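Encoded as structure tokens, the structure appears first; notes follow it.
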Amino acid sequence: DSGVTQTPKHLITATGQRVTLRCSPRSGDLSVYWYQQSLDQGLQFLIQYYNGEERAKGNILERFSAQQFPDLHSELNLSSLELGDSALYFCASSVSGTSGGPYEQYFGPGTRLTVT
Amino acid sequence: GQNIDQPTEMTATEGAIVQINCTYQTSGFNGLFWYQQHAGEAPTFLSYNVLDGLEEKGRFSSFLSRSKGYSYLLLKELQMKDSASYLCAVRDRNSGNTPLVFGKGTRLSVIA
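Residue numbers (my numbering), protein chains in the order written: chain C, 1 to 116; chain L, 117 to 228.
Below, the structure is given as structure tokens:
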């Protein structure tokens, strides 16, 4: 158990719909990352938040958005869903600091999204 | 652009040693990570290299050559439970709390 929680575990919805995925980071971690994993693409970075502010953006579609709340949990919103959005969505968190170190990311169990 | 290459699949025998290679071409470099991922589960952190050389952690070791853009993960005394995907990832930005660029992973099958 990494200490990162994600809900829901599974989500099945129809094309055109909107869903919200939720993530709670490990206690004390300020950084939250969202990744998408599909069979042919591997893990793709979507977006990062640090202490409530957007820190970095990756290959995130305009139909997708995210935010991090004052209690540090984060939500990923996916709208106008398409069949190709079916994937595993992982949230990860990492410790913060200014000294050198790995700052490895710890992943939640993921949300499996199926768009039909 | 960012490019991380690993073999797609490997098979090895229980009790043997296997080496999983990773080559990378990224715009920056601030550390290389290996993660293990069992099917349908979350990736779990295995190792981190930022300087050239070998890092050993129990049955797992990881090597880095920055000049060659090359790393490998060495798994010794293979067990059936080591059957999983192994993901190579690079931090390409010069700060600790930054995203990782992942390779597509190597699916390792351990057979009896």
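For each residue, glycine too, the CB sits at the ideal point set by N, CA and C.
Values in this document were obtained by computation on a predicted structure and should not be read as measured data.
{"Query": "So, at 6 Å on beta carbons, what are the nonlocal neighbours of residue 22 of chain C in its own chain, with the 5 sequence-adjacent residues on each side left out?", "Result": "7 and 75"}
{"Query": "Starting from residue 42 of chain C and walking both ways along the beta strand (DSSP E), at which residues does that stretch end?", "Result": "42-50"}
{"Query": "How many Å lie between residue 66 of chain C and residue 47 of chain C at the Cα?", "Result": "8 Å"}
{"Query": "Using a C-beta to C-beta distance shorter than 9 Å, which residues of chain C count as neighbours of residue 176 of chain L?", "Result": "Residues of chain C passing the Cβ test: none, with the nearest at roughly 14 Å."}
{"Query": "Taking any Cβ of chain L, which residues in the segment 58-76 of chain C have a Cβ under 9 Å from it, in chain order?", "Result": "58"}
{"Query": "So, is residue 68 of chain C buried or exposed, given that buried needs 16 or more other C-beta atoms within 10 angstroms?", "Result": "buried"}
{"Query": "Distance cutoff 8 Å, beta carbons only. Does residue 8 of chain C sit that close to anything in chain L?", "Result": "no"}
{"Query": "Residue 179 of chain L to residue 96 of chain C, Cα distance in whole Å?", "Result": "26 Å"}
{"Query": "Could you tell me the distance, in whole angstroms, from the CA atom of residue 28 of chain C to the CA atom of residue 228 of chain L?", "Result": "43 Å"}
{"Query": "In terms of residue numbering, what span does the beta strand (DSSP E) encompassing residue 169 of chain L cover?", "Result": "169-173"}
{"Query": "Select from L/119, L/164, L/215 and L/155 the residue whose C-alpha is nearest the C-alpha of residue 176 of chain L.", "Result": "L/164"}
{"Query": "State yes or no: is the beta carbon of residue 43 of chain C nearer than 8 Å to at least one beta carbon in chain L?", "Result": "yes"}
{"Query": "In chain order, what residues of the same chain lie with their CB nearer than 7 Å to the CB of residue 144 of chain L, ignoring the 5 residues before and after it?", "Result": "208, 209 and 210"}
{"Query": "For residue 242 of chain L, which residues from the same chain have a beta carbon less than 6 Å from its beta carbon, with the 5 sequence-adjacent residues on both sides left out?", "Result": "Given that chain L is displayed from residue 117 to residue 228, the structure contains no residue 242 of chain L and the question cannot be resolved."}
{"Query": "Only counting runs of 4 or more residues, tell me where the alpha helix (DSSP H) segments fall wholly within the segment 64-108 of chain C, in order along the chain.", "Result": "none"}
{"Query": "With 16 as the cutoff for other CB atoms within 10 Å, does residue 85 of chain C come out buried or exposed?", "Result": "buried"}
{"Query": "Quick one: is residue 158 of chain L near chain C, going by C-beta distance under 8 Å?", "Result": "yes"}
{"Query": "Quick one: what's residue 207 of chain L bridged to in DSSP?", "Result": "According to DSSP, which records beta bridges pairwise, residue 207 of chain L is partnered with nothing at all."}
{"Query": "Would residue 25 of chain C count as contacting chain L if we go by Cβ distances under 8 Å?", "Result": "no"}
{"Query": "Could you check the C-alpha separation between residue 17 of chain C and residue 119 of chain L for me, to the nearest Å?", "Result": "33 Å"}
{"Query": "Using Cβ-Cβ distances below 9 Å, what residues of the segment 78-112 of chain C are close to chain L?", "Result": "88, 90, 92, 94, 95, 96, 97, 98, 99, 100, 101, 102, 103, 104, 105, 106, 107, 108, 109, 110 and 112"}
{"Query": "Quick one: what does DSSP say residue 1 of chain C is sitting in, helix, strand or coil?", "Result": "coil"}
{"Query": "Would you please verify whether the beta carbon of residue 59 of chain L is less than 8 Å from any beta carbon of chain C?", "Result": "Absent from the structure is residue 59 of chain L, since the part of chain L shown begins at 117 and ends at 228."}
{"Query": "What span of residues does the beta strand (DSSP E) with residue 149 of chain L cover, start to end?", "Result": "148-153"}
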